[in-house]
Structures are given as structure tokens and as C-alpha cells.
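Here the structure comes first, spelled out in C-alpha cells, and everything after it is commentary.
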Amino acid sequence: MTTTEQLETIHAVRAEFDGVFTWDYARSRPSLIKLYEKAKTSQWNASTDLDWSLDVDPERVAQELGGGGTVRFQALAEAENSPVKHFGPKEWGKVGVELQNSLLSQFMHGEQGALLCTARIVETVPWIDAKYYAATQVMDEARHVEVFARYLDEKLGYQYRINENLKGILDDILRDPRWDIAYLGMQIMVEGLALAAFGMMHMVTTEPLLKKMLRYVMSDEARHVAFGVLSLQEYYKGLSAAELRERQEFAYDVACRLKRRFAHTEMWERMGVDPDAVYRTMDQVNPPAQQQFQQLLFSKIVPNCKKLGLLDAADGWLRERFTEIGVIQFEDWADTGEEYGTLDEVAKDRAAS
Ligand SMILES: [Fe+2]
Ligand SMILES: [Fe+2]
Numbered sequence: 025m026t027t028t029e030q031l032e033t034i035h036a037v038r039a040e041f042d043g044v045f046t047w048d049y050a051r052s053r054p055s056l057i058k059l060y061e062k063a064k065t066s067q068w069n070a071s072t073d074l075d076w077s078l079d080v081d082p083e084r085v086a087q088e089l090g091g092g093g094t095v096r097f098q099a100l101a102e103a104e105n106s107p108v109k110h111f112g113p114k115e116w117g118k119v120g121v122e123l124q125n126s127l128l129s130q131f132m133h134g135e136q137g138a139l140l141c142t143a144r145i146v147e148t149v150p151w152i153d154a155k156y157y158a159a160t161q162v163m164d165e166a167r168h169v170e171v172f173a174r175y176l177d178e179k180l181g182y183q184y185r186i187n188e189n190l191k192g193i194l195d196d197i198l199r200d201p202r203w204d205i206a207y208l209g210m211q212i213m214v215e216g217l218a219l220a221a222f223g224m225m226h227m228v229t230t231e232p233l234l235k236k237m238l239r240y241v242m243s244d245e246a247r248h249v250a251f252g253v254l255s256l257q258e259y260y261k262g263l264s265a266a267e268l269r270e271r272q273e274f275a276y277d278v279a280c281r282l283k284r285r286f287a288h289t290e291m292w293e294r295m296g297v298d299p300d301a302v303y304r305t306m307d308q309v310n311p312p313a314q315q316q317f318q319q320l321l322f323s324k325i326v327p328n329c330k331k332l333g334l335l336d337a338a339d340g341w342l343r344e345r346f347t348e349i350g351v352i353q354f355e356d357w358a359d360t361g362e363e364y365g366t367l368d369e370v371a372k373d374r375a376a377s
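In the working numbering, the protein residues as written are 25 to 377.
Here you go:
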């Protein structure tokens, strides 16, 4: 690789923030202590806990994606002036394979975002229990980047570059000097959505390597989202309505951009179709499978925002926005601050063996 090529593989985000020491080593936050203990015993090894010798058929994996895959786009073919009107079974089969690569590639990039954001939290959070826990999450995220990159390289053959919406979100989180914004952007929003998306993929796939990989990644992600909920719940109790309103606006902005990232701009470009034409048709047709998929992505975010007091703070500003985009019905679903203990598949496998 030449120096220019090497530089092209690097993306730097400039930020000004305080690296914070605390001299208060007293263990004072029982919920974070419990989470940290769980994280230490539920570590797994991507090299030995997954069977990388398994053969993977990318076309079969793609077919199984169902509602999370091509089904939510196929209805577009019937629309007038649809850019995919000419697509037959061959093209849709290719979309399925591309979509699978695109999804897993964005997961991989998002995981690297989580790695950087959580390393940031280690530096910026002022509580010792949170620094301890965040250090375990840094290890988890390294493992997640590792497994997605390896699956893409060894089983699917290539990777997509990062989606612009996702990149913009990660850059904004990393640029912000406020420690709670790293948590809100990453643990609550990006990881909350990832947990829901992994759950949907895990439910439909029968490919054994991907299935086990997702089960294990989800066990870790549930703790990460819980880390956000348990930390911010305490901190947000002390913020003013104006400060909470800023957080609501930030969360909503991230939510809108996360929704767009699942439109897979890069995949449509690769298929030789203008992504803007796809979005216009999507708005026009609004297929039920698409609506349902997009709503389900919010099934973790909404109850967690409620638990943080963000739905109803500042005259219920965020409640109104979530009502407008049709996701408020999830508000009373289980929040991850409680749910993470039941999602530990690594511990379950160890107890069974
Ligand atoms: Fe992760
Ligand atoms: Fe995570």
C-alpha cells in the first residue's frame, strides 16, 4: 500500500474535550457495579467461540432476510416511473446479496464508531464505576469490529464504505465535548437501534455462523444500552428543562438520520440505480413491509428515552416527534436497563455446557 492509499483509509475527527480524572475511587453506583461484574464474566473470544470453518452461501443468507431485506423494496417495482420497474428475479436476487453486504458493512463501521465513542467515555465520564464499565465495553466493541470484518472478508467477499448518514452521526458524537452526548448518541440511539436490527436479523437467519455471532453480539449490546440507560438516568435527573430540550433535539436528529441510513444509498449506486429516485418512489408507495421495518428499529430507543425522562421533559417535545413518525407505541415496551440480564446468551451457553 502506498502512503496516499494508507491516508485514504484514515478518517480523522477533530475534537476538543477534557480528559477527566476522578480521585473518588469509592464504589457508589450499585447498578453499574453489577453491570461491570456481568461484563467481566460474559467475555467471549471471537477466534474460538465461533466456528469459522463453516461454509456460507451468500445467496441463501440474503433470501432469508425477508422483511429486513428485499421484501421492503420489491413493492417499489409496481409504482409509476419506478427506477426498479425493469428488475426481474435475477436483479432482486442480486439486491438481496448486496443488501446483506451493505447491512453488515454498516454494522461493522458502526461498531468501530462504538469503539471510539466508548474509549471517549472512559476519558470523559467523571464516575469511577462508569470508567470501569466503559473499559469492558471498549474490549467488546473491538471484538464486534473483528467479527463483522472477518465475516465480510471471509464469507461474503467484500465490504461497503461507510454510509454518509452514519458517518455524519458518528462524527457529530465524537466532536461534542459533553460526556453525556457520547452516551446519548451511541449507547441510547445508535446501539439501541443496532440491538433492534440485530434482533430482527437473528430471528430470520438460519445461517449458523451468523446466527451465533449475532446472538453473542446482542448479549454484549444489551449491556451497552443498559450502560447508557443506567448512567444517563442519574445524570438527566439533575438537568434543567432547557438542557433536556437540547438532548431531545439531538436524539431526534440522530433518529431521523439513522432511519435514512437503512435506505442503503451505496447499495443502489452499486446496482446502477439512482438512490434519490428510489427514495422518491419509496415515499410515494410507502410499502407496509418498509413501514413495519422502520418502526421496529425504534422498539428499544423509545422505551429507553422514556426511562431517561426524555419523552416528557420540556413539555413532551420528544413524545410529539415520536408520535409524528409513528413509533410512540413502543413507549411501554421493556427498557434495556432491566432487560439486559435476560439477554445474556453467552452465560446461557456456558451454563449449558
Ligand atoms: Fe458493538
Ligand atoms: Fe455496543
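Positions of the beta carbon are idealized from the N, C-alpha and C atoms, including for glycine.
Would you identify the three-state DSSP class for Pro-82, choosing helix, strand or coil?
Translated into positions along the sequence shown, residue 82 becomes position 58. Correct three-state label for Pro-82: helix.
How would you call Val-214, buried or exposed, if buried means at least 16 neighbouring beta carbons within 10 angstroms?
By 1-based counting over the sequence shown, the position of residue 214 is 190. By the neighbour-count rule (16 or more Cβ atoms within 10 Å), Val-214 is buried.
Report all residues from its chain with a CB closer than 7 Å to the CB of Thr-94; omit the five preceding and five following residues, and keep chain order.
Translated into the one-based positions of the sequence shown, residue 94 becomes position 70. The answer, listed in chain order, is Trp-116, Val-119, Gly-120 and Leu-123.
Quick one: any contact between the segment 97 to 112 and the segment 300 to 308, if contact means 3 or more CB pairs under 8 Å?
yes
Drop a sphere of 10 angstroms on the beta-carbon of Leu-353, count the other beta-carbons inside from all chains shown, and report buried for 16 or more, exposed for fewer.
Translated into positions along the sequence shown, residue 353 becomes position 329. Note that residue 353 corresponds to Gln in the displayed sequence, not to Leu. With fewer than 16 Cβ atoms within 10 Å of its Cβ, Gln-353 is classed as exposed.
In this structure, how does DSSP classify Glu-369 when only helix, strand and coil are distinguished?
Start at 1 with the first residue of the sequence shown, and residue 369 comes out as number 345. Reduced to three states, the DSSP call for Glu-369 is helix.
Identify whether Arg-269 lies in helix, strand or coil by the three-state DSSP scheme.
Within the sequence shown, the letter at position 245 stands for residue 269. Residue state, collapsed to three classes: helix.
Whose beta carbon lies closer than 5 Å to any heavy atom of ligand 2, going through the chain in order?
Ala-138, Glu-215, Glu-245 and His-248
Taking the C-alpha atoms as reference points, what is the distance between Thr-229 and Ser-243?
Within the sequence shown, numbered from 1, the residue matching residue 229 stands at position 205. Within the sequence shown, numbered from 1, the residue matching residue 243 stands at position 219. Roughly 17 Å separates the two Cα atoms.
For Val-80, which residues of its own chain have a beta-carbon under 7 Å away from its beta-carbon, when the five flanking residues on both sides are left out?
Against the sequence shown, residue 80 aligns to sequence position 56. Once the five neighbours on either side are set aside, the close Cβ partners of Val-80 are Lys-179, Glu-231 and Leu-233.
Could you spell out the range, first to last residue, of the alpha helix (DSSP H) harbouring Tyr-260?
Locating residue 260 in the sequence shown gives position 236, counting from the first residue. 232 to 260 is the extent of the alpha helix (DSSP H) around Tyr-260.
Please specify which runs of the beta strand (DSSP E), each continuous and at least 3 residues long, are wholly inside the segment 155 to 238, giving them in chain order.
none
The segment 146 to 161 in contact with the segment 214 to 228 per 3-pair CB rule at 8 Å:
no
Alpha carbon of Ile-193 to alpha carbon of Met-210, nearest angstrom:
Working through the sequence shown from its first residue, we reach residue 193 at position 169. Working through the sequence shown from its first residue, we reach residue 210 at position 186. Approximately 9 Å, taken between the alpha carbons.
To the nearest angstrom, how far is it from the Cα of His-248 to the Cα of Val-302?
Within the sequence shown, the letter at position 224 stands for residue 248. Within the sequence shown, the letter at position 278 stands for residue 302. If you take the alpha carbons of His-248 and Val-302, they lie about 34 Å apart.
Which full runs of the alpha helix (DSSP H) of 4+ residues lie inside the segment 280 to 338, going along the chain?
289 to 294, 299 to 309, 312 to 320 and 325 to 331
Quick one: what's got a C-beta closer than 8 Å to Ala-86's C-beta in the same chain, skipping five residues either side?
The residue you call residue 86 lines up with position 62 of the sequence shown. The residues are Gly-93, Thr-94, Gly-117, Gly-120, Val-121, Leu-123 and Gln-124.
Just to confirm, does Asp-164 get its C-beta within under 7 Å of one of the non-hydrogen atoms of ligand 1?
Here residue 164 refers to the residue found at position 140 of the sequence shown. Yes, the beta carbon of Asp-164 sits closer than 7 Å to at least one heavy atom of ligand 1.
Closest to Glu-273 by CA distance: which of Gly-252, Ala-250 and Asp-336 is it?
As a first step, residue 273 must be located in the sequence shown, where it is residue number 249. The candidate whose alpha carbon is nearest that of Glu-273 is Asp-336.
Starting from Gln-130 and walking both ways along the alpha helix (DSSP H), at which residues does that stretch end?
Here the question's residue 130 lines up with position 106 in the sequence shown. Run containing Gln-130: 113 to 148, per the alpha helix (DSSP H) assignment.
Near Phe-19, what residues of its chain come up, given a Cβ to Cβ distance below 8 Å and the 5 sequence neighbours on each side ignored?
Here the chain has residues from 25 to 377 only, and residue 19 is not among them.
Assuming Thr-419 is part of the alpha helix (DSSP H), what are its boundary residues?
In this structure the chain extends from 25 to 377, so residue 419 is not present and cannot be described.
Consult DSSP for Arg-345 and reduce its assignment to one of helix, strand or coil.
Walking along the sequence shown from the start, residue 345 turns up at place 321. In this structure, Arg-345 counts as helix in the three-state DSSP scheme.
Check whether the segment 152 to 164 touches the segment 57 to 65, taking contact to mean three or more Cβ pairs, one atom from each stretch, closer than 8 Å.
yes
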